[in-house]
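To start, the structure itself, in C-alpha cells.
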Amino acid sequence: MSSDAEVEVSDLAVAVAGRSLLHDVSLRVRPGQRLALLGASGSGKSLTVLALLGLLGRHFEVKGSLKVAGRELPWRQAPGRRPGMAAVFQDSQAALNPVVRLDRQLLPVVARRRQVATTAAAKIVRDLLEQVGFEDPTRVLSSYPSQLSGGQRQRVCLALAMAASPGLLIADEPTTALDMISQHQVVQALRGCTGEGRSGLLFITHDLAVAADLCDDVVVLQHGRIVETGPVEQILRAPQAPFTASLVAAARAGVLPAAGALDAVPMGAVS
Ligand SMILES: Nc1ncnc2c1ncn2[C@@H]1O[C@H](COP(=O)(O)OP(=O)(O)OP(=O)(O)O)[C@@H](O)[C@H]1O
C-alpha cells in the first residue's frame, strides 16, 4: 500500500455469542489524514483496531467491508500481514524483548522489512530514531529496553512501525500510560511521522485534548456506535452528541470523569 492509499471501513459490525459489540461503524482515513477514534473505556475502540488489523479471533462474527486503495480485504489475516498498515500499542514494554539489546532487535527486523543488508538497515534505523526525536540513536541502539523510559520505548516502537513505510499507522492509546512530558514527545513524534505526503494516522484515544492537539478529524464512538464525526475544530466548537459535549466540557475543565460517569450524562445536561 502506498502512502496515497485510502482506508475505508463500511458498516463494520462485530458480535460475539449473539451479543453485538460494534454496530455500523464506518470510517475513512484519507492519505496523510490524522483521524482520532475517540471513546470511553468499553466503547469498542480496540475491537475496531483488531478488525482493521485482521486480528479478531474466529469466535467473533464480523460483517461489513474494508477497502484499502479500493481493494477489498478479508476481515481476518495473519498477524503482520495487513498490507500497508503498521501499529503501535499502549504497552511498549510488551512489544520489545527485555533481554535483547535494541540494535539486535531492530536491525534484523528492518533489514527484513526493507530487504537490505544489516549495515544498510543500521543507517535506516538511525534515521528513523532521529525522526522520532532521538538525538543520539547510537546510544539508544546500545541500550536494553529497561534502560529507556516508557516514552522513549514508545518512540522506539514507533520507529520500528515506520520502518514498514505504512500507508496507515494505527496508534492504539500510545500515550495513555505516559507522563505529560513523555506524552508530548510521543505526540510530536507521531506528528513528524504522519500527515500530508506521509502516512495516514488512526489515533485511538479516550483523551479529547490529545486528539485535538494531534488530529485533523475525530470519530466519536459510544457503546459500539459512532455518535459523531467531523473536523476537530467543529467538534470542539459545536459538539452535536451529548456524549461528545460532555467530553468537550470535561476537556475544557481540565478533568476527565470516569467513563461510567460520562456515559451517565443525560441528554441536554451539558451545554
Ligand atoms: N473477547 C471478547 N469477548 C466478549 N466481549 C468482548 C471481548 N472483547 C471485548 N469485548 C467487549 O466489547 C466491548 C468493547 O470493548 P473494547 O475493548 O473494544 O473497548 P475499548 O473502547 O477499547 O475500551 P478500553 O479503552 O478500555 O480499551 C466491551 O463491552 C467489551 O467488554
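Quick note, the sequence shown lines up with residues 1 to 271 if you use the UniProt record's numbering. Every residue gets a Cβ at the ideal spot worked out from N, C-alpha and C, and that includes glycine.
According to the neighbour-count rule (16 or more other Cβ atoms, all chains shown, within 10 Å of its Cβ), is residue i buried or exposed?
| i | result |
| --- | --- |
| Lys63 | exposed |
| Ala5 | buried |
| Val99 | exposed |
| Glu228 | buried |
| Val16 | exposed |
| Asp217 | buried |
| Ala264 | Caution applies to Ala264, whose pLDDT of 40 falls short of 50 and renders its modelled position unreliable; the model cannot decide the point. |
| Gln115 | exposed |
| Ile235 | buried |
| Glu72 | exposed |
| Gly200 | buried |
| Ser271 | Its pLDDT being 26, under 50, Ser271 is placed unreliably in this model, and the value from its coordinates should be taken loosely. Under this definition Ser271 is an exposed residue. |
| Ala245 | buried |
| Glu173 | buried |
Identify the residues that DSSP records as bridge partners of residue i: which are they?
| i | result |
| --- | --- |
| Arg252 | In DSSP, Arg252 forms no bridge with anything. |
| Glu8 | Arg28, Lys67 |
| Arg34 | Leu201 |
| Arg19 | Val16 |
| Pro231 | Asp217 |
| Gly39 | Leu221 |
What separation, rounded to the nearest whole angstrom, lies between the Cα atoms of residue i and residue j?
| i | j | result |
| --- | --- | --- |
| Gly44 | Thr119 | 42 Å |
| Gln183 | Asn97 | 22 Å |
| Ala94 | Ala164 | 20 Å |
| Leu52 | Leu37 | 13 Å |
| Thr138 | Arg101 | 12 Å |
| Ala171 | Ser142 | 26 Å |
| Gly151 | Ser41 | 22 Å |
| Leu22 | Thr176 | 23 Å |
| Ala251 | Ala238 | 14 Å |
| Ala69 | Ala86 | 16 Å |
| Asp207 | Leu247 | 8 Å |
| Gln90 | Lys123 | 27 Å |
| Leu160 | Thr194 | 14 Å |
| Glu233 | Leu214 | 12 Å |
| Asp127 | Gly84 | 20 Å |
| Glu196 | Ser146 | 34 Å |
| Arg28 | Ala111 | 32 Å |
| Gly192 | Gln131 | 7 Å |
| Val9 | Met180 | 33 Å |
| Leu66 | Gly254 | 36 Å |
| Gly39 | Leu148 | 30 Å |
| Gln188 | Leu168 | 17 Å |
Would you mind reading off the limits of the alpha helix (DSSP H) that contains residue i?
| i | result |
| --- | --- |
| Ala241 | Careful: Ala241 lies outside any alpha helix (DSSP H) and carries neither H nor E. |
| Ala120 | 118-131 |
| Leu141 | 137-141 |
State yes or no: is the beta carbon of residue i nearer than 7 Å to at least one beta carbon in chain B?
| i | result |
| --- | --- |
| Leu27 | Any reference to chain B falls outside this structure, which holds one protein chain only. |
Notebook entry, point to check: Can you list, in chain order, the stretches of the alpha helix (DSSP H) that have 4 or more residues and sit fully within the stretch 157-228?
Noted result: Correct list: 180-193, 208-214.
Next item on the list: Could I get the ranges of all uninterrupted alpha helix (DSSP H) runs contained in the stretch 46-113, with 4 residues as the minimum, in chain order?
Entry: The stretch 46-113 contains these whole alpha helix (DSSP H) runs: 92-95.
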